[in-house]
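Chemist: Take 223 as the starting number for the sequence shown in the numbering used here and just add one per residue.
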Amino acid sequence: MAIFRRRVIQQELDFLRRGVVPPERARDLIQRLNGSRPQAIPAEWEVVLLASLARVASVKYERAFNAVRLDFFVRGEGVEFAGDIVAISDVDIAKRNPAEFFFRECGRIAATFGFDNGGFDIRIADRTTGKYPDKRTELLLPVKGDIPQFLGRELRPFFQQIRSDPGEVHVLRCVQPGIKFRITFDPKLLGSTTGRYASAAAPMSLRRNPL
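1. For the alpha helix (DSSP H) containing Lys-317, list its first residue and its last residue.
2. Could you tell me if the beta carbon of Thr-351 falls within a distance shorter than 8 Å of some heavy atom in the ligand SAM?
3. From Arg-297 to Arg-239, what distance separates their C-alpha atoms?
4. On a Cα-Cα basis, can you pick out the residue from Leu-251, Ile-384 and Leu-362 that is closest to Thr-406?
5. Can you tell me whether Val-393 is buried or exposed? The criterion is at least 16 other CB atoms within 10 Å of its CB, across all chains shown.
6. With three or more C-beta pairs closer than 8 Å as the rule, is the region 410–423 touching the region 313–331?
7. Taking DSSP as the reference, what is the three-state secondary structure of Val-278?
8. Could you pull the DSSP bridge partners for Ala-304 from this structure?
9. Tell me, to the nearest whole angstrom, how far the beta carbon of Gly-329 is from that of Thr-415; I am working on the premise that it is less than 8 Å.
10. Determine whether the beta carbon atoms of Leu-377 and Ile-331 lie at a separation below 9 Å.
11. In whole angstroms, give me the CA-to-CA distance for Arg-358 and Lys-366.
12. Going straight from the alpha carbon of Arg-430 to that of Arg-349, what length do you get?
13. First and last residue of the alpha helix (DSSP H) that includes Leu-363?
14. Quick one: what does DSSP say Pro-425 is sitting in, helix, strand or coil?
15. Could you please give me the residues that DSSP links to Arg-395 through a beta bridge?
16. Which whole-angstrom value describes the C-beta separation of Leu-362 and Gly-400, a residue pair presumed to lie in contact below a C-beta threshold of 8 Å?
17. Nearest-angstrom Cα distance between Lys-402 and Leu-411?
18. Using DSSP with H/G/I as helix, E/B as strand and the rest coil, what is Ile-346?
19. Please return the same chain residues whose Cβ sits closer than 8 Å to the Cβ of Val-391, not counting the five positions on each side in sequence.
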């Protein structure tokens, strides 16, 4: 998913190729821009920020400082600084707290049992770990690799119960060490699936960002 319009990225890249970014490094940027989302988003920011800096000061791209090579070195009127351009990501947090994958697997397994018309509400519990300002929110779910087999085992008797009396509300509560969630089937919800879970990426301190 792009952050900036493609024409903006092309315009800024063309500007950088006229003296800031050498041809071989420009090819690398283009490859990253056309790559996967984890590659493309940092590359977009790199192009846009470099072009912005280059319009108001002298910019050296990927200048070496001893054994370290930083993204840019800027020299302006009485100001010099160097730095890297990076983009934060919630990929690691999502791996540790696979709520979206859990929802998708619930839907997939439900469909294999003939329940492909929704009617479910899924609630995932959470807990807070650590001490302020390093507190974190942790969802109480199995590890991602165990979820398909775990749900297949837990949901089978639940679906059998629903099938025996589809006009009633049925509730599955799962409470195990490190795992706590509730799935409700309500015939009034047929046609959709709802749910709730806390954001594991939400900051709990002004001084710490969990990302």
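Yeah, the Cβ is synthetic: ideal placement off N, Cα and C, and Gly gets one too.
From a predicted model like this one, the values you see are computed outputs, not experimental measurements.
Modeler: Taking the geometry as given:
1. Position 95 of the sequence shown, counting from 1, holds the residue named residue 317. Per DSSP, Lys-317 belongs to the alpha helix (DSSP H) from 313–318.
2. No copy of the ligand SAM occurs in the structure displayed, which carries no ligand at all.
3. The residue labelled residue 297 in the question sits at position 75 within the sequence shown. The residue labelled residue 239 in the question sits at position 17 within the sequence shown. Computed Cα separation, rounded: 19 Å.
4. Indexing the sequence shown from 1 puts residue 406 at position 184. Of the listed residues, the one whose Cα sits closest to Thr-406 is Ile-384.
5. Translated into positions along the sequence shown, residue 393 becomes position 171. Exposed, because fewer than 16 other Cβ atoms sit within 10 Å of the Cβ of Val-393.
6. The region 410–423 and the region 313–331 touch, with three or more beta-carbon pairs separated by less than 8 Å.
7. Against the sequence shown, residue 278 aligns to sequence position 56. In the three-state DSSP reduction, Val-278 falls in the coil class, being neither helix nor strand.
8. Here residue 304 corresponds to residue number 82 of the sequence shown, with the count starting at 1. Note: Ala-304 sits in a beta bridge opposite Phe-295.
9. Numbered from 1 along the sequence shown, position 107 holds the residue referred to as residue 329. Numbered from 1 along the sequence shown, position 193 holds the residue referred to as residue 415. Indeed, because the Cβ distance is near 7 Å, the residues count as touching under 8 Å.
10. Stepping through the sequence shown from its first residue, residue 377 is reached at position 155. Stepping through the sequence shown from its first residue, residue 331 is reached at position 109. Taking 9 Å as the Cβ cut-off, Leu-377 and Ile-331 qualify as a contacting pair.
11. Taking the first residue of the sequence shown as 1, we reach residue 358 at position 136. Taking the first residue of the sequence shown as 1, we reach residue 366 at position 144. If you take the alpha carbons of Arg-358 and Lys-366, they lie about 19 Å apart.
12. Numbered from its first residue, the sequence shown carries residue 430 at position 208. Numbered from its first residue, the sequence shown carries residue 349 at position 127. The alpha-carbon separation between Arg-430 and Arg-349 amounts to approximately 18 Å.
13. Locating residue 363 in the sequence shown gives position 141, where the first residue counts as 1. Run containing Leu-363: none; DSSP gives neither H nor E here.
14. For the purposes of this step, residue 425 is taken as the residue at position 203 of the sequence shown. In the three-state reduction of the DSSP assignment, Pro-425 falls in the coil class, being assigned neither a helical nor a strand state.
15. Along the sequence shown, one-based indexing puts residue 395 at 173. DSSP lists Arg-404 as partners of Arg-395.
16. Reading the sequence shown from its first residue, position 140 is the one you call residue 362. Reading the sequence shown from its first residue, position 178 is the one you call residue 400. With a beta-carbon spacing of about 6 Å, Leu-362 and Gly-400 fall inside the 8 Å limit used to define contacts.
17. For the purposes of this step, residue 402 is identified with residue 180 of the sequence shown, where counting begins at 1. For the purposes of this step, residue 411 is identified with residue 189 of the sequence shown, where counting begins at 1. Distance between the alpha carbons of Lys-402 and Leu-411: 22 Å.
18. Position 124 of the sequence shown holds residue 346. It is a strand residue.
19. Taking the sequence shown and counting its residues from 1, one reaches residue 391 at position 169. For Val-391, where only same-chain residues beyond five positions count, the Cβ hits under 8 Å are Thr-406, Phe-407, Asp-408 and Pro-409.
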